[in-house]
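Encoded as structure tokens, the structure appears first; notes follow it.
Residue numbers (mature numbering (1 follows the signal peptide of the UniProt record, and there is no 0)): -23 to -1, 1 to 57.
Printed below as a string of structure tokens:
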């Protein structure tokens, strides 16, 4: 039916979806700055994205990552 306060409810729902903090975004930028420092500034975006994914999703450092046998087979069979 007809909503009496349709626009207000849309506004409130929109406001409730806004993050209350930008800490997670700042944390991500901080991690990217650590990954891609002045010594590794030629690293591709794809590589930075992969390292960031490993760091944030698996909550481990890259040197701790243990690839599976399937991963190694795929890595060795594809042209990089």
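For glycine and all other residues, C-beta sits at the position ideal for the given N, C-alpha and C.
- Residue environment for residue 28: buried (at least 16 other C-beta atoms within 10 angstroms of its C-beta).
- By the CB criterion at 8 Å, residue 32 and residue 8 fall inside the cutoff.
- DSSP places residue 8 within a helical segment (H, G or I) once states are collapsed to three.
- In this structure, the straight-line span from the alpha carbon of residue 26 to that of residue 19 is close to 14 Å.
- If you check the CB distance, residue 42 and residue 35 come in under 8 Å.
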